[in-house]
Ligand SMILES: [Zn+2]
Ligand SMILES: [Zn+2]
Ligand SMILES: [Zn+2]
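Numbering (the working numbering), first residue to last: 30 to 197.
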């Protein structure tokens, strides 16, 4: 799958592991928000960009520090939390509850549940979409009579860069 060009293109590759240039994903987010009548303000956009650049779950305070450096002025935590709330409401960002940190969704243009693999050694996170997991969770929820509002699945371990192939 080619992910080049200046116009943000929705990704149509079902096996994509999210190897998109951050700038392309941010541009796509801008157009997704615009299509829904929402505005990706500078701050919201900067927060999203920082999350893309980070490549790993990032906490609010690391974001605040990076923003203060970028703007050369203090940035209040509530401002950043509001931006994160907005980005989550647009499904552009997910919160990794176990780490109290945030990651951008690789394919916000596709309806899906986010399944994150997080490396405990290097901290990198990889997002997958696996309809099988979604199916199993939906069946389990039905068995329990549970109404599911939000599904974010987190798997922790060691990534293939940190564990040599065959050692697992
Ligand atoms: Zn893709
Ligand atoms: Zn996602
Ligand atoms: Zn790793």
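Glycine is no exception: its CB is placed at the ideal position from the N, C-alpha and C atoms.
Fair warning: this is a prediction, and the values are worked out from it, not measured in the lab.
- Taken from the Cβ of residue 141, every heavy atom of ligand 1 lies 7 Å or farther away.
- Put simply, the backbone Cα of residue 95 is about 11 Å away from that of residue 88.
- Short note on residue 187: C-beta closer than 7 Å to some heavy atom of ligand 3.
- At least one heavy atom of ligand 2 sits closer than 7 Å to the Cβ of residue 136.
- Segment contact: the segment 101-109 against the segment 159-167, fewer than three CB-CB distances shorter than 8 Å; contact not assigned.
- Taking 7 Å as the cut-off, the C-beta of residue 159 does not count as close to any heavy atom of ligand 1.
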